[in-house]
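Student: Once you know that position 47 of the sequence shown is 46 in numbering that gives the first Met the number 0, the rest is easy, because the numbers rise by one and skip nothing.
Sharing a structure here in structure tokens format.
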Amino acid sequence: MQHHGILVLGVLCSAILVLPGGKALAQQPAIKLAGDRQRVEIPSSVDGKRQPCYVIVPKNLSRRPVPLLVSLHTWSGDVEQRNESLEEAAMAKGWIYLFPNFRGANQHPEACGSELAQQDILDAVAWAKKKYDIDESRTYLAGTSGGGHMTMLMVGRYPQVWTAASAWVGISDLAKWHDKHADGRYGEMVRLSCGGAPRTSDEVDKQYRGRSPLTWLDKAKDVPLDISAGIHDGHKGSVPIWHSLVAYNMLAKANGGLEITDAEIGQLSRADGRLVSPRKSDRVEDSSFGRAIYLRRLAGPSRITIFEGGHEGITAATIAWLEKHGGK
């Protein structure tokens, strides 16, 4: 797979650590190649504002080109979030780990999948590729929740960039998600990002469409995109599994594959939902998940898994999917 651009990946954070701010990029000392977590600032190529980003380089950095794993923060998070299990897994694999801010929490127009936020991610990866010898055949993207939303959006908008991507419990349709949370904090955050509630004006609706992965995912049919969601999300978490199921259906349709039926979506979307007539692929066991699996489908190079769990990501499954692709 050829890569003509540059892009990224997203995450569920297990801890938050606030570190002191970095200096301007031009004034920063050289980054140590010793597994240190370093904060840098990268000027936006759009508005010139310096955007914070963390980079971790493995201690055993090889002399040959190395994979790049870019991880995106969650919906309400920013660059100071941590996903330590994913960081550690990347270091164990000898991958460079990049964690950009892309305008912080999704509660203002510059964030939430905006063109500015997308470009911040591109700028961060361009910076990494200029500074390090990155393996162009192993540029990985992954994210959870708001990071899953941004992962699917970026894969749909820039499919030529990615070797493989992993999206967990992501939002695929911002208008639908707003309607579920219209009276709560998430609804308010979406309105602040998109300029109002859905259906209030053509311009507002344009913002919802442009920032929603469903608008773009048919362009990602050739990307190995793994979409996963816990069966209880939407009941005990904030993102119903419908968002993952319909996102997969976009890829299935684009690849001429079998879509998940409306009946199957309804069955799985109930509390503790199960398929009435599961297919053979739905009965698979996967040690990287370490959970019961209730649906597993494939379309072209993409895959969806509905597993026993909630609003979460699983590091082992993320790494297992990504490392299967590229490096050929």
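Here a beta-carbon is modelled for each residue, glycine too, at the ideal position from N, C-alpha and C.
Fully enclosed by the region 178-265, which alpha helix (DSSP H) runs are 4 residues long or longer?
Tutor: 184-193, 201-209 and 241-253
Student: Going by alpha carbons, who is nearest to valine 79 out of Leu67, Cys52, Ile120 and Ser211?
Tutor: The question names valine, but residue 79 in the sequence shown is glutamate. The candidate whose alpha carbon is nearest that of glutamate 79 is Cys52.
Student: Is it right to say histidine 72 is buried, meaning 16 or more other beta carbons lie within 10 angstroms of its own, or is it exposed?
Tutor: buried
Student: Just the C-alpha distance for histidine 328 and leucine 321, rounded to the nearest angstrom, thanks.
Tutor: No answer is possible for residue 328: the residues shown for the chain start at 0 and end at 327.
Student: Would you mind reading off the limits of the alpha helix (DSSP H) that contains arginine 269?
Tutor: Where arginine 269 is concerned, there is no enclosing alpha helix (DSSP H), given that its DSSP letter is neither H nor E.
Student: Buried or exposed: where does histidine 310 fall if 16 or more other Cβ atoms within 10 Å of its Cβ makes it buried?
Tutor: When all chains shown are included, histidine 310 counts as buried.
Student: Spatial neighbours of isoleucine 264 within its chain, please: CB distance less than 6 Å, with the 5 preceding and 5 following residues excluded, ordered by chain position.
Tutor: Leu244
Student: DSSP three-state call for leucine 274: helix, strand or coil?
Tutor: coil
Student: Helix, strand or coil for tryptophan 74 per DSSP?
Tutor: coil
Student: Beta-carbon separation of alanine 163 and valine 154 under 7 Å?
Tutor: no
Student: So is leucine 337 buried or exposed if we call it buried at 16+ other beta carbons inside 10 Å?
Tutor: This structure gives no information on residue 337, because the portion of the chain shown stretches from 0 to 327.
Student: Go through the region 87-139 residue by residue and report every complete run of the alpha helix (DSSP H) that reaches 4 residues or more, in order.
Tutor: 114-130
Student: Span of the beta strand (DSSP E) holding tryptophan 375?
Tutor: Within the shown structure, residues of the chain are numbered from 0 to 327, placing residue 375 beyond reach of any answer.
Student: Per DSSP, alanine 334 forms a beta bridge with which residues?
Tutor: Look at the range of the chain in this structure, 0 to 327, and you will see that residue 334 is not part of it.
Student: Quick check: phenylalanine 101 and alanine 116, are their CB atoms within less than 7 Å of each other?
Tutor: Between phenylalanine 101 and alanine 116, the C-beta spacing is below 7 Å.
Student: Looking only at its own chain, which residues have a Cβ that is under 6 Å from the Cβ of alanine 291, when we skip the five neighbours before and after it?
Tutor: Excluding sequence neighbours, alanine 291 sits near Glu307.
Student: Could you tell me the boundaries of the beta strand (DSSP E) in which glutamate 40 lies?
Tutor: 36-42
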